[in-house]
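Protein chains: 2
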Amino acid sequence: MLIKEIANRIGVSIDTIRFYEKQGLLDDTHFERSANRYRHYSEVAIQRLQLIKMGQEAGFTLNEMRQAIHAWETDELTPDEKIAYMCRKMEEIEQKRQALDDIKDYLQCKIEAMREQIMTTP
Amino acid sequence: MLIKEIANRIGVSIDTIRFYEKQGLLDDTHFERSANRYRHYSEVAIQRLQLIKMGQEAGFTLNEMRQAIHAWETDELTPDEKIAYMCRKMEEIEQKRQALDDIKDYLQCKIEAMREQIMTTP
DNA sequence: GTAAACTATGGAGTATAGTCCAGAGTCAAG
DNA sequence: CTTGACTCTGGACTATACTCCATAGTTTAC
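The listed protein sequences correspond, in order, to chains A and B. Counting in the numbering used here, the first sequence runs from 1 upward without gaps. Counting in the numbering used here, the second sequence runs from 123 upward without gaps.
Put into structure tokens, the structure is as follows:
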């Protein structure tokens with residue numbers, strides 16, 4: 001799969017794919033170079049890019065994701081430490097959820113108040 | 123309330139408060155100037171800053187918030203249109219929640235797989 | 001065999017959201 | 001009446017995450 005195809009599949013630009021590579025989020029485990037130096041991406045690359053996209057939508061930075069991936073994929077941490085690392089990430093996600101719930105309540109109140117106002121004005 | 127006090131209360135820097143002002147998120151309805159040109163902030167400013175903070179934690183940009191605030195506070199939209207606007211924002215929030223749930227499931231799976239691995243290795 | 005469409009690289013430019021700094025004025029305490 | 005802590009302004013600087021561009025090589029279709 002050449003760069004244009006994977007970019008289209010994931011829904012990002014070609015430049016973005018190359019940018020992620022420069023940032024160390026994609027490496028030679030995700031693609032091979034043919035004789036003409038073209039990158040040929042594997043299914044693993046698809047998964048990696050989907051993960052990055054998911055993480056970004058959830059509000060994580062590329063830096064955070066690179067660190068988390070590194071923590072998970074190397075042997076610098078024991079399995080228990082890896083689990084502990086990811087559990088901390090889960091807590092961060094919970095906090096983000098709480099922020100969403102808070103603003104949702106805020107908007108809901110605003111909307112209710114506006115509806116009331118519409119009802120009670122002649 | 124001078125700028126240092128409100129910055130401390132909200133938990134942002136003085137520069138950030140002034141930056142928000144430049145961005146049109148705070149105006150003379152949020153503070154008055156004394157003879158020495160010092161800004162004196164009101165409770166309304168506190169509420170506005172808390173809203174901005176909430177919105178940012180939820181992943182909205184300053185631009186989006188400025189637009190939403192403008193839509194809500196001017197008379198360019200009818201009450202019904204304002205409600206419709208905010209309901210669309212509610213949908214965006216739902217999408218963000220979904221992204222969080224997705225990545226949470228992903229992490230959960232990873233963690234489970236790692237636990238399995240720990241159990242089954244000698 | 002050439003034009004269109006693709007790939008490569010390096011580097012410049014953009015938007016967002018601040019952060020820092022210089023130079024100047026203000027205020028409260030001792 | 002000076003020292004230290006505060007305020008003001010304008011502008012330069014930073015990090016993140018792209019995006020665009022020039023230049024050059026490659027492949028596909030006619």
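C-beta atoms are modelled at their ideal positions from N, C-alpha and C, and glycine is treated no differently. These figures come from a predicted structure and were not determined experimentally.
Rounded C-alpha distance that separates I46 (chain A) from L77 (chain A) | Residue 46 (chain A) sits at position 46 when you count from the first residue of the first sequence. Residue 77 (chain A) sits at position 77 when you count from the first residue of the first sequence. The straight-line gap from Cα to Cα measures roughly 26 Å.
CB contact below 8 Å: A221 (chain B) versus chain A = Against the second sequence, residue 221 (chain B) aligns to sequence position 99. Yes, because at least one Cβ of chain A sits closer than 8 Å to the Cβ of A221 (chain B).
Determine, using beta carbons only, whether M1 (chain A) comes closer than 8 Å to chain B.
-> Taking the first sequence and counting its residues from 1, one reaches residue 1 (chain A) at position 1. So no, M1 (chain A) is outside the interface.
Simplified DSSP state of Y41 (chain A), which is helix, strand or coil = The residue labelled residue 41 (chain A) in the question sits at position 41 within the first sequence. It is a strand residue.
Apply the 10 Å Cβ neighbour rule to Y41 (chain A) and answer buried if 16 or more other Cβ atoms are within range, or exposed otherwise.
-> The sequence position of residue 41 (chain A) within the first sequence is 41, counting from 1. With 16 or more other Cβ atoms within 10 Å, it is buried.
Please classify F153 (chain B): does DSSP put it in a helix, a strand, or coil?
-> In the second sequence, counting from the first residue as 1, residue 153 (chain B) sits at position 31. If DSSP states are grouped into helix, strand and coil, F153 (chain B) belongs with the strands.
Have a look at M187 (chain B) and I118 (chain A) and give me their C-alpha separation to the nearest angstrom.
-> The count along the second sequence starts at 1 and reaches residue 187 (chain B) at position 65. The count along the first sequence starts at 1 and reaches residue 118 (chain A) at position 118. So the two alpha carbons sit approximately 24 Å from each other.
Name the chain B residues that come within less than 9 Å of G24 (chain A), Cβ to Cβ?
-> Position 24 of the first sequence, counting from 1, holds the residue named residue 24 (chain A). Those within 9 Å of G24 (chain A) in chain B number zero; the least Cβ separation is about 20 Å.
Interface residues of chain B facing K4 (chain A) [CB-CB closer than 9 Å] = For this step, residue 4 (chain A) is matched to residue 4 along the first sequence. Within 9 Å Cβ-Cβ: nothing; K4 (chain A) doesn't reach chain B, min ~26 Å.
If you run the structure through DSSP and keep just helix, strand and coil, what is F19 (chain A)?
-> The count along the first sequence starts at 1 and reaches residue 19 (chain A) at position 19. Helix, per DSSP.
Output the residue ranges of the alpha helix (DSSP H) runs that lie fully inside the region 200-243 of chain B and measure 4 residues or longer, sorted by chain position.
-> 201-242
Tell me, to the nearest whole angstrom, how far the beta carbon of K89 (chain A) is from that of L229 (chain B); I am working on the premise that it is less than 8 Å.
-> Taking the first sequence and counting its residues from 1, the one referred to as residue 89 (chain A) is at position 89. Taking the second sequence and counting its residues from 1, the one referred to as residue 229 (chain B) is at position 107. About 6 Å separates the two Cβ atoms, so the contact holds.
Other residues of its chain near K82 (chain A): CB distance less than 7 Å, five sequence neighbours each side excluded | By one-based count along the first sequence, residue 82 (chain A) stands at place 82. Closer than 7 Å at Cβ, skipping near neighbours: A71, W72.
Hey, would you say D223 (chain B) sits closer than 8 Å to M54 (chain A), going by beta carbons?
-> Within the second sequence, numbered from 1, the residue matching residue 223 (chain B) stands at position 101. Within the first sequence, numbered from 1, the residue matching residue 54 (chain A) stands at position 54. No, Cβ-Cβ distance for D223 (chain B) and M54 (chain A) is not below 8 Å.
Under 8 Å between C-beta atoms of A180 (chain B) and A99 (chain A) = Residue 180 (chain B) sits at position 58 when you count from the first residue of the second sequence. Residue 99 (chain A) sits at position 99 when you count from the first residue of the first sequence. Going by C-beta atoms, A180 (chain B) is nearer than 8 Å to A99 (chain A).
Could you name the residues of chain A that D224 (chain B) contacts, counting a contact when the two beta carbons are closer than 7 Å?
-> By 1-based counting over the second sequence, the position of residue 224 (chain B) is 102. Within chain A, the residues near D224 (chain B) are M54.
Interface residues of chain B around A113 (chain A) at Cβ under 7 Å?
-> Mapped onto the first sequence, residue 113 (chain A) falls at position 113. By Cβ distance, chain B contributes nothing, its closest Cβ being about 10 Å from A113 (chain A), past 7 Å.
Looking at C-alpha atoms only, which residue of A:V12, A:F31, A:D105 is the closest neighbour of Q56 (chain A)?
-> On the first sequence, residue 56 (chain A) is found 56 positions in, with the first residue counted as 1. Q56 (chain A) has its Cα closest to that of A:V12, out of A:V12, A:F31, A:D105.
Which bits of chain A does T169 (chain B) rub up against, with CB to CB less than 8 Å?
-> Along the second sequence, one-based indexing puts residue 169 (chain B) at 47. The sequence given here has Gln at residue 169 (chain B), not Thr. Correct list: empty, because the minimum Cβ distance to chain A is about 10 Å.
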